[in-house]
Structure formats: C-alpha cells, structure tokens
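Participant: Here you go, one structure.
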Amino acid sequence: MKWTDIAGDEVQVTQEKTGAEVWVPLHPNLQSELASTERRGETILAAELLRSDGIPNRTAGKPLSKAALEQYWQPERRRFGLSSVAKHNTLHGLRKNATINLLEAGCTNSQVKAITGHSTDSMVNLYGAKVNQRRQAREAMDKIVQFDKAASENG
C-alpha cells in the first residue's frame, strides 16, 4: 500500500481476491499510527535499513514482498497481544476478522462488503452465521435470566 493511496481519512484498497477497488475510511487509531509513521519510501511498510544481523539491507525503503510482510507480521501480532500460534491471526485472516467484527457491531451485509471488498453476500453470510448464532444465544440467555428473575420475584 502506498502513501498516495491515502486521501484524507480514507484509503483506496484493491482487494487481492476480487480485484475490487474500494475506498475504506481509516479507523481513528490507524490514522494516529500513520501520522506518527516515518515515510521511508513510497509504500507505507518498507524494508528496514538494517537486517536483523546489523548488515545494511540492499532493499531498504523498497516495498515489502508478501512473504516479507508475513514475516514482519508474526512478531507484530504478539505486540498486539494476539495468538502466537502461526496459523492464527494471519494477514489473510484479518479480512475474516474484520468481517466478523463489522457484523458483531451490527453492520448490514452491504456495509460489510463496502469495507471488506467482498463482492457477494455468500462469504459475509458464512461468517455471519457464527455471529448470528452467538448473538441469538446471548439474547436467549438474557431472556431466560430475566424469566428466572421475574419468577423468583413473583415466587
């Protein structure tokens, strides 16, 4: 992703799977993080100046490859308190997690697709089934707790 992909409080993203170009509002936390990020190249994430062994990196300032980005992400996820199991919290999984979080926040399928770039409802519905089940289970438990409370008060 390039710095030029950002315009104001939005970023233009091209979804890898669908090729869809979407404008996504930046979360305020991400806006703050980007504001404090040093611009070392045309891309937001660029190769470090030094390798981990202290030797100058010949690709410093160049865009990270997908493999390099995945390697970068592994220690970063621990910094964010995410699972250290390699198969959890992959970059690919972030889109799924975003879909679930948007659904849990009460967004419609159309709103979710506008953020995630999904082209159809099918994947949103797939993730939504789990969200809806959890929500319905919580609502059912709330009802039984209220029922039990009313029954004990009227006892």
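So the mapping is simple: the numbering used here equals the position in the sequence shown, first residue as 1, plus 72.
Beta carbons are placed, not taken as given, at the ideal position from N, Cα and C, and that holds for glycine.
#1: Could you tell me whether the stretch 173-190 touches the stretch 90-104, using the rule of 3 or more Cβ pairs below 8 Å?
#2: Secondary structure at Thr86, three-state DSSP: helix, strand or coil?
#3: Which two residues bound the contiguous beta strand (DSSP E) that contains Glu93?
#4: For Leu136, which residues of its own chain have a beta-carbon under 8 Å away from its beta-carbon, when the five flanking residues on both sides are left out?
#5: Pull up the DSSP beta-bridge partners for Ile78, would you.
#6: What do you get for Leu175, buried or exposed, if any count of 16 or more other CB atoms within 10 angstroms of its CB means buried?
#7: Based on Cα-Cα distance, which residue from Gly113, Leu106, Thr162, Lys74 lies nearest to Thr131?
#8: So within the stretch 123-209, which uninterrupted alpha helix (DSSP H) runs reach at least 4 residues, ignoring any that extend past its ends?
#9: Compute the beta-carbon to beta-carbon distance between Val83 and Leu98, rounded to the nearest angstrom, for a pair I have assumed lies under 8 Å.
#10: Please report the straight-line C-alpha distance between Glu88 and Asn181, rounded to a whole angstrom.
#11: Going by DSSP, name the residue or residues bridged to Thr115.
#12: Would you tell me roughly how many angstroms separate the C-alpha atoms of Glu148 and Glu225, rounded to the nearest one?
#13: Grab me the residues of Glu142's own chain with a C-beta within less than 8 Å of its C-beta, minus the 5 sequence neighbours each way, in chain order.
Facilitator: A quick look at the data gives this:
#1: Three or more beta-carbon pairs drawn from the stretch 173-190 and the stretch 90-104 are found closer than 8 Å, and the two stretches are therefore classed as touching.
#2: By one-based count along the sequence shown, residue 86 stands at place 14. Per DSSP, reduced to three states, the secondary structure at Thr86 is strand.
#3: Residue 93 sits at position 21 when you count from the first residue of the sequence shown. First-last of the beta strand (DSSP E) with Glu93: 93-97.
#4: Walking along the sequence shown from the start, residue 136 turns up at place 64. Cβ neighbours of Leu136 beyond the five flanking positions: Thr115, Leu117, Ala118, Ala119, Tyr144.
#5: Taking the sequence shown and counting its residues from 1, the one referred to as residue 78 is at position 6. DSSP lists Val83 as partners of Ile78.
#6: Residue 175 sits at position 103 when you count from the first residue of the sequence shown. Buried.
#7: Walking along the sequence shown from the start, residue 131 turns up at place 59. Taking only the C-alpha atoms, the option nearest Thr131 is Gly113.
#8: Listed in chain order, they are 138-151, 163-176, 181-188.
#9: Translated into the one-based positions of the sequence shown, residue 83 becomes position 11. Translated into the one-based positions of the sequence shown, residue 98 becomes position 26. Yes, they are in contact, since the Cβ atoms of Val83 and Leu98 sit about 6 Å apart, within 8 Å.
#10: Taking the sequence shown and counting its residues from 1, one reaches residue 88 at position 16. Taking the sequence shown and counting its residues from 1, one reaches residue 181 at position 109. The alpha-carbon of Glu88 is positioned some 20 Å away from that of Asn181.
#11: Position 43 of the sequence shown, counting from 1, holds the residue named residue 115. Answer is Lys74.
#12: For the purposes of this step, residue 148 is taken as residue 76 along the sequence shown, with counting starting at 1. For the purposes of this step, residue 225 is taken as residue 153 along the sequence shown, with counting starting at 1. So the two alpha carbons sit approximately 51 Å from each other.
#13: The residue labelled residue 142 in the question sits at position 70 within the sequence shown. For Glu142, where only same-chain residues beyond five positions count, the Cβ hits under 8 Å are Thr162, Leu163.
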